[in-house]
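Number of protein chains: 2
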Amino acid sequence: MSKVFVNIAMTLDGYTAPEGMAIEHWTDPTYKNWGAKWGSLMTWLMNQQYFRDKLKFGPGGETGPVNDLVRTTFERTGANIMGKRMFEQGEASWPEDAPFHTPVYVLTHEKRGPWPRPGGTTFYFINDGAERALELAREAAGSRDIRISGGANVIQQYLNMGVVEELEIALAPVLFGSGRRLFENLREPGPQFRIDNVLAGSAATHLRYVRK
Amino acid sequence: MSKVFVNIAMTLDGYTAPEGMAIEHWTDPTYKNWGAKWGSLMTWLMNQQYFRDKLKFGPGGETGPVNDLVRTTFERTGANIMGKRMFEQGEASWPEDAPFHTPVYVLTHEKRGPWPRPGGTTFYFINDGAERALELAREAAGSRDIRISGGANVIQQYLNMGVVEELEIALAPVLFGSGRRLFENLREPGPQFRIDNVLAGSAATHLRYVRK
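Chains A and B supply the protein sequences, listed in that same order. Under the working numbering, the residues of the first sequence are numbered 3 to 214, in order. Under the working numbering, the residues of the second sequence are numbered 3 to 214, in order.
What follows is the structure, given as structure tokens:
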């Protein structure tokens, strides 16, 4: 059966996004530093050959075990679930053939019809909650897995539903000081995980946890 | 020359101590769960032979690479610096020959003379700030290193002073949901670290960062 998993980058101080990282702040000088911060969190990924190819960054890039991990993450995924904010940020920055190549369920209050992209990605805008999005994702994913893509608040919803079976974190040696934390708003007792695997990269430590 | 280092356990959600972990709450049922939480954060350490021996927990324990790391941490340390809260908690729970065997500088407003313990630990109560404590610790440590022992707020002070050269974190696969976070109240731009080493233990991931 399909697994529900998270694979996300996090700073050492627990943030998945710097303060001010939102499309409405792109031209707001108050948040002038968020691009650089985001880049420092994602350095490990930007250098990987598979990711560069998917995002049309051009040729080159690393092809070692971290690249294999990035490829595996994409290839295992049969459906993605994401929040409205992540979608909006991506809508403005992804290439035309958005880098998912699966159905993507966007949790939002906005009413909007499906938005198919070249390359197999179709965005579906779900107005009736996280559980419904997961049902649809399960149907769509077939034998492949369901990735809770982000942002932090969406991951928190699924952690609180107790459905996240695998939690993969690329821990970057970076401190943001502020922003959106991955682990907040969790019910107690929270979900329980055990260490499954650790891959020591040079620009991030790839931690894999499995639900107990 | 002596290095200034931190070696501390942290939960996946960034806490070094659960909510309510303070001596004044030991009998307060509001915080009934803190002992269990603290235990879950420290499982990896409690099982190590070197630590069990130092804390007089009795014989046995693991003797692998994590135990070597615990031993190295103790043996390299020529002086410790800690906060008043950590001291008070320890005063009530450490064995009579406190497990440091070095001078320990306690940052506090309390005026109190040095308190020597059997086994080579002497607690000095420092009323004139973190910089002065570091000066004294440097003098005392000789060629050995200075450990900023905790708690989180004391580590934050030294991170903000820019003097922490090595940051060692035992990352436990545990979520506290509340408590005292290690990385908070940091100035921007914060200190910069690079990954130096990762030791994958079964109950914690031992991350070692070095100042850039």
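Even for Gly, the Cβ is constructed at its ideal location relative to N, Cα and C. Since we're looking at a predicted model, the values are computed, not measured.
Quick check on residue i: does DSSP put it in helix, strand or coil?
{"i": "Thr18/B", "result": "strand"}
{"i": "Arg210/B", "result": "strand"}
{"i": "Arg182/B", "result": "strand"}
{"i": "Pro67/A", "result": "helix"}
{"i": "Arg196/A", "result": "strand"}
{"i": "Met23/B", "result": "coil"}
{"i": "Ala100/B", "result": "coil"}
{"i": "Leu173/A", "result": "strand"}
{"i": "Ala202/A", "result": "strand"}
So which residues of chain B does residue i contact, with C-beta pairs closer than 7 Å?
{"i": "Asp15/A", "result": "Gly16 and Phe185"}
Would you list the residues sitting across from residue i in a DSSP beta bridge?
{"i": "Val1/A", "result": "For residue 1/A there is no data in the structure shown, the boundaries of chain A being 3 and 214."}
{"i": "Gly152/A", "result": "Met84/A"}
{"i": "Gln7/B", "result": "It is Phe, not Gln, that sits at residue 7/B in the sequence shown. DSSP, once it has assigned bridges, lists Arg149/B and Glu168/B as partnering Phe7/B."}
{"i": "Asn162/A", "result": "None; Asn162/A has no bridge partner."}
{"i": "Met12/A", "result": "Leu173/A"}
{"i": "Trp117/A", "result": "Phe125/A"}
Could you compute how far the alpha carbon of residue i sits from the alpha carbon of residue j?
{"i": "Trp36/A", "j": "Val176/A", "result": "13 Å"}
{"i": "Thr124/B", "j": "Ala38/A", "result": "46 Å"}
{"i": "Tyr126/A", "j": "Ala81/A", "result": "11 Å"}
{"i": "Gly62/A", "j": "Asp198/B", "result": "26 Å"}
{"i": "Arg54/A", "j": "Met48/A", "result": "6 Å"}
{"i": "Gly2/A", "j": "Gly192/A", "result": "Residue 2/A lies beyond the stretch modelled for chain A, which goes from 3 to 214, so this question has no answer here."}
{"i": "Ala11/B", "j": "Leu161/B", "result": "16 Å"}
{"i": "Leu188/A", "j": "Leu138/A", "result": "24 Å"}
{"i": "Ala19/A", "j": "Met84/A", "result": "14 Å"}
{"i": "Leu14/B", "j": "Arg182/B", "result": "13 Å"}
{"i": "Gln159/B", "j": "Glu93/B", "result": "22 Å"}
{"i": "Tyr52/A", "j": "Ile148/B", "result": "43 Å"}
{"i": "Gly60/A", "j": "Gln50/A", "result": "11 Å"}
{"i": "Lys58/A", "j": "Pro97/A", "result": "7 Å"}
{"i": "Ala154/A", "j": "Glu77/B", "result": "41 Å"}
{"i": "Leu184/A", "j": "Ser95/A", "result": "22 Å"}
Anything in chain A within Cβ reach of residue i, meaning under 9 Å, just list it in chain order.
{"i": "Ile157/B", "result": "Those within 9 Å of Ile157/B in chain A number zero; the least Cβ separation is about 12 Å."}
Run down chain A in chain order and give the residues with a C-beta less than 7 Å from the C-beta of residue i.
{"i": "Glu190/B", "result": "Gly179"}
{"i": "Leu209/B", "result": "Thr207"}
{"i": "Ala202/B", "result": "Val200"}
Select from the options the residue whose C-alpha is nearest the C-alpha of residue i.
{"i": "Val212/A", "options": "Gly60/A, Gly164/A, Gly63/A and Trp46/A", "result": "Gly164/A"}
{"i": "Pro105/A", "options": "Glu186/A, Pro118/A, Gly22/A and Asn129/A", "result": "Pro118/A"}
{"i": "Glu170/B", "options": "Ile150/B, Arg183/B and Glu186/B", "result": "Ile150/B"}
{"i": "Gly16/B", "options": "Glu112/A, Leu173/A, Ala205/A and Lys58/A", "result": "Leu173/A"}
{"i": "Ser4/B", "options": "Arg210/B, Arg189/B and Arg140/B", "result": "Arg140/B"}
{"i": "Thr65/A", "options": "Phe59/A, Lys58/A and Arg73/A", "result": "Arg73/A"}
{"i": "Glu167/B", "options": "Gly22/B, Ala154/B, Lys214/B and Asn69/B", "result": "Lys214/B"}
{"i": "Ala100/B", "options": "Lys56/B, Asn129/B, Phe7/B and Ala154/B", "result": "Lys56/B"}
{"i": "Lys113/B", "options": "Tyr107/B, Gly121/B, Pro120/B and Ile128/B", "result": "Ile128/B"}
{"i": "Gly22/A", "options": "Phe195/A, Gly144/A, Val156/A and Gln91/A", "result": "Gln91/A"}
{"i": "Thr79/B", "options": "Arg182/B, Pro97/B, Ala206/B and Gly144/B", "result": "Gly144/B"}
{"i": "Trp46/B", "options": "Ala154/B, Arg210/B and Ala205/B", "result": "Ala205/B"}
{"i": "Arg87/B", "options": "Gly121/B, Gly152/B and Tyr52/B", "result": "Gly152/B"}
{"i": "Arg196/A", "options": "Phe7/B, Leu43/B, Tyr107/B and Gly121/B", "result": "Leu43/B"}
{"i": "Thr207/A", "options": "Val68/A, Gly121/A, Phe89/A and Gln51/A", "result": "Val68/A"}
{"i": "Val8/A", "options": "Ile157/A, Tyr107/A and Gly203/A", "result": "Ile157/A"}
{"i": "Ala132/A", "options": "Gly115/A, Thr110/A and Gly122/A", "result": "Thr110/A"}
{"i": "Ala202/A", "options": "Val6/A, Trp40/A and Leu71/A", "result": "Leu71/A"}
{"i": "Arg210/B", "options": "Gly41/B, Thr75/B, Ala24/B and Trp40/B", "result": "Thr75/B"}
{"i": "Gly115/B", "options": "Tyr107/B, Gly122/B and Gly121/B", "result": "Tyr107/B"}
{"i": "Pro120/B", "options": "Phe102/B, Ala24/B and Ala142/B", "result": "Phe102/B"}
{"i": "Gly122/B", "options": "Leu136/B, Arg134/B, Ala142/B and Asp130/B", "result": "Ala142/B"}
So residue i contacts chain B; which residues on that side make the cut at Cβ distance below 8 Å?
{"i": "Arg196/A", "result": "Pro175"}
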